[in-house]
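Working notes for the structure below.
Numbering (the working numbering), first residue to last: 16 to 105.
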């Protein structure tokens with residue numbers, strides 16, 4: 016249970032985040048790719064958002080085979096479904 020004004024942290028697992036596949040207006044953030052690491056079955060992206068916050072996004076290469084991979088410097092949209100976030104309290 017939360018109280019009004021309580022400080023919380025919102026966490027979303029890297030594999031629950033998607034690049035350039037907007038889910039809906041509410042769960043989209045624009046940023047720029049700072050790092051791309053190809054690891055065989057997965058590609059990991061380091062993305063920086065307005066305000067300086069960073070996220071690590073993991074996409075399976077099987078699911079991205081039909082689209083081209085994002086490159087360093089690309090503007091991207093990160094999205095997630097409404098069931099993905101977890102609320103953590105201090």
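Even glycine gets a Cβ: it sits at the ideal position worked out from N, Cα and C.
Spatial distance of residue 84 from residue 26 (CA atoms): In the chain shown, counting from the first residue as 1, residue 84 sits at position 69. In the chain shown, counting from the first residue as 1, residue 26 sits at position 11. Whole-angstrom Cα-Cα distance: 25 Å.
Contact check, residue 34 vs residue 60, beta carbons under 9 Å: Within the chain shown, the letter at position 19 stands for residue 34. Within the chain shown, the letter at position 45 stands for residue 60. Yes. Within cutoff.
Residue 22 - partner residues in DSSP beta bridges: Here the question's residue 22 lines up with position 7 in the chain shown. None; residue 22 has no bridge partner.
Nonlocal neighbours in the same chain, by C-beta distance under 6 Å from residue 45, ignoring five residues either side: For the purposes of this step, residue 45 is taken as the residue at position 30 of the chain shown. Only residues of its own chain outside the window of five on either side were considered, and among them 92 have a CB closer than 6 Å to the CB of residue 45, listed in chain order.
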